[in-house]
Amino acid sequence: MRRLYLELKNQRFYFFVPPVMLFILVPLTVLATIKSGGGDNFPECGTISQLFIPSFAAWWPLFILKEYLNSPGKELLFVYKSGRDSLFLKMIALWAFFVLHIAIVFIYFTSLFDFVWLLFIAIIIQSMFMIALGYFLSLLFQNTFIPLIINFAYSSIFVLALFYSPLSIFEIGSFNSASSLSKSPVVAIIAFILFYGGYQIEKRLHKNSI
Amino acid sequence: MITVKNLSKGFRRKEVLHSVNLRLETRVYGLLGANGAGKTTLIRCLAGLYEPRQGEVLYNNEPIHKSKSFHQVLGYLPQAFGMFQELTLYEMMDYICSLKGIAKSRCAGEITRALTYVNLEDKAKDRIKTLSGGMVRRAGIAQAILGDPKVMLLDEPTAGLDPGERARFKNTVSELKKDRMILISTHIVEDVDACCQSVIVIDEGRVLFNESCEELRNVALNKVYQIKEADSDNITGEKFILKVSEIEGKIYHRILAKENQDYISEKPTLEDGYMYLVKGFA
């Protein structure tokens, strides 16, 4: 945990990008949407949340992976085996940390809407998918810039233009019954597969770390 | 202490190390070789960063990948060092302490000791990105000595250091060398001469030499000649011009010859011995 804290501290100003998005941009945008729709537009607010929240889930993980993949002297992170970290476990810890932030936003949402918990579940699964995708692609390409671009391009394209595409991980509807989460189980399974694939590459990375 | 048995390593079709055999004891070794000779690959294999294609590296007769103690006694300085640019020097050292499994109660003392060794104690609160290239290099050496390691692998530790810093590094090695195996990879022969007790010469992935510095000098005994430029053509057999110099208006060549010549030979330096080996004269 000490190392994870220092890795997050190393991000300096970039660390604050996801909290600013979650605690300022998302609530303000949701409030603006409510005002413009007379308070009866929870589905639109769900879309806004799905656009802004999952796309920033991989932010911290990618900046941490950058040190492991692209920093000068990265061998040091692999050479001292007594404290060698599993990147996979680090990704899970960062997902849990991000979920904590989402939960705070959704506690606020409970004061605005009735059925927010299904949207919350959809978003934490989408966030897990984004982290798994970033983890897998970073290790595959040995680079974190491409996954960062793919991450934001995917979220923007599928929320803004191709929301109804079968390739979209985003949910549509009023989130008032479990059937609203039609895609989430599949998204969760794909996330597990991506984590597994990434972990297999990570094991090879630990054997030949440069 | 460390035994390298029949070690080969390659990347795809390119073979970088060919059946390397070494035995490293508690002393300071200089690993000499040209760029691309395989020094860094060998050091990374010794550190367990690369899985060998063939052969193994043993620490106290146990393969390093199975040894629980090896990574606790290892200090490693990579060729390039500069991660965690936004952390302070103290925080970076704290991170490495944690990686090395040093108990938290010992960390503060260890960090102060290591930074004092490299004369960076006053920079502890500075961010890594604000340090000069030489300071970052010294910070790299400081992290390597955290935890009082018994095996130190230093990959080009003096690269980018100014003469004063290089002298300080040599003093640091002299202070550290007791009861330790230190392997210093470099292509600066002077550094080896100044702080190493033994020399390993590597060329195209093969170990050509593994003896004392004196033995390496003796390799070129009676093979080095300082002669006038005009007499240069009188040298028989294969030759290599080590240095061209001007003395009292006349041009002299310092020549390495494969065969003994009729001229008076010069006392060979470590560099002469090294050149004699890598030029294939031996």
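Chains A and B, in that order, are what the protein sequence lines are.
Residue numbering for the first sequence is 1 to 210, as defined by my numbering.
Residue numbering for the second sequence is 1001 to 1282, as defined by my numbering.
Cβ atoms here follow ideal geometry from the backbone N, Cα and C, with glycine treated the same way.
Predicted model, so just to flag it, every value in this text is computed and none were measured.
Using a Cβ cut-off of 8 Å, pull out every chain B residue sitting near Glu67/A, in sequence order please. What Glu67/A touches in chain B: Met1083 and Phe1084.
Please report the distance separating the alpha-carbon of Leu6/A from that of Pro1063/B. Distance between the alpha carbons of Leu6/A and Pro1063/B is about 32 Å.
Relative to the C-alpha of Leu1042/B, which residue among Glu1214/B, Gly1205/B, Asn1222/B and Asn1218/B is closest? Out of Glu1214/B, Gly1205/B, Asn1222/B and Asn1218/B, the CA that lies nearest to the CA of Leu1042/B is found in Gly1205/B.
Three-pair Cβ contact test at 8 Å for the region 1094-1114 of chain B versus the region 109-119 of chain A: With fewer than three CB-CB distances shorter than 8 Å, the region 1094-1114 of chain B does not count as touching the region 109-119 of chain A.
Is there a Cβ of chain B sitting closer than 9 Å to that of Gln11/A, yes or no? Taking Cβ atoms only, chain B reaches closer than 9 Å to Gln11/A, which makes this a yes.
For a test of your reading of the model: does the CB of Leu1277/B fall under 8 Å from any non-hydrogen atom of the ligand NAP? Yes or no. Ligands are entirely absent from the displayed structure, and the ligand NAP is therefore not among its contents.
Does the beta carbon of Gln1143/B come closer than 9 Å to any beta carbon on chain A? For Gln1143/B, the answer is yes, since a Cβ of chain A falls inside 9 Å of its Cβ.
Report the rounded CA-to-CA distance for Ile218/A versus Lys1066/B, giving the unit in angstroms. In the structure displayed, chain A extends from 1 to 210; residue 218/A sits before or after that span and is not available.
The region 47-75 of chain A: which residues have C-beta closer than 8 Å to a C-beta of chain B, in chain order? Those would be Glu67, Ser71, Pro72, Gly73, Lys74 and Glu75, in chain order.
Is the Cβ-Cβ distance between Phe97/A and Tyr135/A less than 9 Å? No.
Mind pulling the chain A residues with CB within less than 8 Å of Ile1096/B? Residues of chain A passing the Cβ test: Leu76 and Tyr80.
Opening and closing residue of the alpha helix (DSSP H) in which Val20/A lies: Run containing Val20/A: Val17 to Val20, per the alpha helix (DSSP H) assignment.
Just checking: is the beta-carbon of Leu89/A within a distance shorter than 9 Å of some beta-carbon in chain B? False, the Cβ-Cβ gap to chain B never drops below 9 Å.
Could you please give me the residues that DSSP links to Leu1058/B through a beta bridge? Paired residue(s): Thr1003/B and Pro1063/B.
Among Tyr1059/B, Glu1229/B, Tyr1225/B and Ile1202/B, whose alpha-carbon lies nearest the alpha-carbon of Leu1216/B? Among Tyr1059/B, Glu1229/B, Tyr1225/B and Ile1202/B, the Cα nearest to that of Leu1216/B belongs to Ile1202/B.
Sheet register partners of Phe1240/B (DSSP bridge): Note: Phe1240/B is bridge-paired with Leu1256/B in the DSSP secondary-structure output.
Of the residues Tyr1050/B, Asp1179/B, Met1135/B and Ser1019/B, the one placed nearest Arg204/A, counting alpha carbons only: Nearest C-alpha to Arg204/A: Tyr1050/B.
Apart from the five residues on each side of it in sequence, which residues of its chain come closer than 8 Å, Cβ to Cβ, to Met1092/B? Around Met1092/B, the same chain offers Met1083, Phe1084, Ile1128, Ala1139 and Gln1143 as residues with beta carbons nearer than 8 Å, after the five sequence neighbours per side are excluded.
Can you have a look at Asn10/A and say buried or exposed, based on whether 16 or more other CB atoms are within 10 angstroms of its CB? With 16 or more other Cβ atoms within 10 Å, it is buried.
Measuring alpha carbon to alpha carbon, tell me which residue in Arg1044/B, Val1073/B and His1253/B is nearest Asp1231/B. Nearest C-alpha to Asp1231/B: His1253/B.
Report the residues of the region 1039-1058 of chain B with a CB closer than 8 Å to any CB of chain A, ordered along the chain. Using a CB distance below 8 Å, the part of the region 1039-1058 of chain B facing chain A consists of Arg1044, Ala1047, Gly1048, Leu1049, Tyr1050 and Glu1051, ordered along the chain.
Less than 9 Å between the C-beta atoms of Leu1153/B and Ala1124/B, yes or no? With respect to Ala1124/B, Leu1153/B sits apart: the two C-beta atoms are not nearer than 9 Å.
Starting from Thr1088/B, follow its DSSP beta bridges and name the residues at the other end. Its beta-bridge partners are Arg1127/B.
With a threshold of 9 Å between beta-carbons, can Glu202/A be considered close to chain B, or not? Answer no: the Cβ-Cβ gap between Glu202/A and chain B never drops below 9 Å.
Between Lys1228/B and chain A, is there a C-beta pair that is closer than 9 Å? Lys1228/B does not count as touching chain A.
Kindly indicate the opening and closing residues of the alpha helix (DSSP H) around Tyr135/A. DSSP places Tyr135/A in the uninterrupted alpha helix (DSSP H) bounded by Trp117 to Phe141.
Does DSSP classify Phe214/A as helix, strand or coil? This structure leaves residue 214/A out entirely; chain A is present only between 1 and 210.
Pro1078/B versus chain A: which residues are under 7 Å apart at the beta carbon? Listed by position along chain A, the residues whose Cβ is nearer than 7 Å to that of Pro1078/B are Gly73, Glu75 and Leu76.
Run through the DSSP bridge pairs and tell me what Ile1247/B is partnered with. Ile1247/B pairs with Lys1250/B.
Terminal residues of the continuous beta strand (DSSP E) containing Tyr1029/B? Taken as a continuous stretch (DSSP letters only), the beta strand (DSSP E) holding Tyr1029/B covers Val1028 to Leu1032.
So that I know if they touch, is there some Cβ in chain B lying closer than 9 Å to that of Leu94/A? So, not an interface residue.
Using a C-beta to C-beta distance shorter than 7 Å, which residues of chain A count as neighbours of Leu1270/B? Going along chain A, no residue has its Cβ under 7 Å from Leu1270/B, so there is no contact; the nearest lies around 29 Å.
Touch test, the region 67-80 of chain A against the region 1071-1083 of chain B, Cβ-Cβ under 8 Å, three pairs minimum: Two segments are said to touch when three or more pairs of C-beta atoms, one from each, lie closer than 8 Å; by this definition the region 67-80 of chain A touches the region 1071-1083 of chain B.
Flag this pair as yes or no: are the beta carbons of Ser49/A and Val17/A separated by less than 9 Å? Ser49/A places its beta carbon 9 Å or farther from that of Val17/A.
Contacts of Leu8/A in chain B (Cβ-Cβ under 8 Å): Going along chain B, no residue has its Cβ under 8 Å from Leu8/A, so there is no contact; the nearest lies around 11 Å.
Quick check: what's the CA-CA separation for Ala93/A versus Ile53/A? The alpha-carbon atoms of Ala93/A and Ile53/A are separated by roughly 17 Å.
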